[in-house]
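> Residue numbering for the sequence shown follows full-length UniProt numbering, beginning at 1 and increasing consecutively. A virtual CB, placed ideally from N, CA and C, is assigned to each residue, including glycine.
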Amino acid sequence: MTQYEEHIPGGGRHSMQELPPGSQCTHSHRGSAAHPEAGLIAGEYSGGGRSLSPLHGSAKDVQLTDLACSHGAKAISRTSPEGSQTPPGNVFISPTSVSSALAVVFPGTRGTTEAQVSKTLHFDAVKEVHSSFQSLNADINKRGAPYILKLTNRLYGEKTYEFLPEFLASTQKLYGAELASVDFQRASEDARKVINEWVKGQTEGKIPELLAAGDGNNMTKLVLVNAIYFKGSWQEEFSKGHNRYTIQNE
1 MTQYEEHIPG
11 GGRHSMQELP
21 PGSQCTHSHR
31 GSAAHPEAGL
41 IAGEYSGGGR
51 SLSPLHGSAK
61 DVQLTDLACS
71 HGAKAISRTS
81 PEGSQTPPGN
91 VFISPTSVSS
101 ALAVVFPGTR
111 GTTEAQVSKT
121 LHFDAVKEVH
131 SSFQSLNADI
141 NKRGAPYILK
151 LTNRLYGEKT
161 YEFLPEFLAS
171 TQKLYGAELA
181 SVDFQRASED
191 ARKVINEWVK
201 GQTEGKIPEL
211 LAAGDGNNMT
221 KLVLVNAIYF
231 KGSWQEEFSK
241 GHNRYTIQNE
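#1: Do S188 and N217 have their beta-carbon atoms positioned less than 8 Å apart in this structure?
#2: Helix, strand or coil: which one does DSSP assign to S97?
#3: Within this structure, are the beta carbons of I228 and S97 separated by less than 8 Å?
#4: Is there contact between the stretch 129-138 and the stretch 96-111, where contact requires at least three CB pairs shorter than 8 Å?
#5: Is the Cβ-Cβ distance between I195 and Y156 less than 8 Å?
#6: What would DSSP say about T26, mapped onto helix, strand or coil?
#7: With H, G and I counted as helix, E and B as strand and the rest as coil, what does DSSP make of N226?
#8: The alpha helix (DSSP H) with L149 in it runs from where to where?
#9: In whole angstroms, what is the alpha-carbon distance linking Q172 and S233?
#10: Determine the DSSP secondary structure at S188, reduced to helix, strand or coil.
#11: So A169 is in the alpha helix (DSSP H); what residue range does that whole segment cover?
#12: With a Cβ-Cβ cutoff of 8 Å, do V105 and L224 count as a contact?
#13: Please determine, among G144, K231, Y175 and T120, the residue with the shortest C-alpha to C-alpha distance to E204.
#14: If you follow the alpha helix (DSSP H) that L136 is in, where does it begin and where does it stop?
#15: Would you kindly report the start and end of the unbroken beta strand (DSSP E) that includes V182?
#16: Could you check the C-alpha separation between L52 and F163 for me, to the nearest Å?
#17: What is the residue span of the alpha helix (DSSP H) that A125 lies within?
#18: Any idea what DSSP makes of K200, helix, strand or coil?
#19: Count the other CB atoms, across all protein chains shown, that sit within 10 Å of the CB of residue 255; report buried if there are 16 or more and exposed otherwise.
#20: Pick from T220, D215, A177 and G144: whose alpha carbon is nearest that of P107?
#21: Could you tell me whether any Cβ in chain C is nearer than 8 Å to the Cβ of K221?
#22: Which residue's Cα is closest to the Cα of V199: S170, E166 and L151?
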């Protein structure tokens, strides 16, 4: 399960453009807000006067560019007019958050499931999926950055269920996603509260209840949780005095 935080107090413009094959994919965001918080990370991120953009030269840079392009392609397919049910207005999405979460369980897929996940997330366009995610996660969660950007994953598994040791080892090594054992079978409500408390802490209280009452039951075996948190400054803030909210015809 994945949850995004959407907070756009002052508005802004968000655009993604699909380029012809062979061109470098691009993603940009430019906007203003009186409040500094918003939950966003999508392929390339540019905002707050700083940027996280693919560089060129090393193998690592090429891998990250490929990964960013795959994220952008997925985002475009989800927000295109043909298939989108999103209402008009600002749209903040996090394809990196979705891809990162599903990449955690990708090592445990085989056959048809593996092919479907790879196609849906455009992993077939990335040569080294797991090492690319490792590099991306390290860049996202780096210390000393002039902004706060955290992306974390965690698995919550039924304590009586036996998960393959090699699968758990890969999720921990490649994505830092630990398995927390909970009692879905006899105390699913308590398990839900444990998960919500973790998400609340990871998002600085912005997502206090990811799972609603009834989400999860005694048949639940595994819950995959992804949390992303961003706090930064806008490059050009709206003037509070010039942007007062009024109701039309008031």
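Judging by the given coordinates:
#1: If you check the CB distance, N217 and S188 come in under 8 Å.
#2: helix
#3: yes
#4: Touching, yes.
#5: yes
#6: Bear in mind that the predicted position of T26 carries a pLDDT of just 34, short of 50, making it unreliable; the figure below should be weighed with that in mind. Note: T26 maps to strand in three-state DSSP.
#7: strand
#8: Bounds of any alpha helix (DSSP H) do not take in L149; it lies within the beta strand (DSSP E) bounded by I148 to E158.
#9: 32 Å
#10: helix
#11: P165 to Y175
#12: yes
#13: K231
#14: V129 to I140
#15: L179 to V182
#16: Reliability fails at L52, whose pLDDT of 33 lies under 50, so the model's placement of it is uncertain and the value that follows must be treated cautiously. Their Cα atoms are separated by approximately 36 Å.
#17: Segment: none, A125 is in no alpha helix (DSSP H) and carries neither H nor E.
#18: helix
#19: The question about residue 255 has no answer, for the chain in this structure spans 1 to 250.
#20: A177
#21: This model lacks chain C altogether, as it is built from one protein chain only.
#22: Residue nearest to V199 within the set S170, E166 and L151 is L151 (criterion: CA-CA distance).
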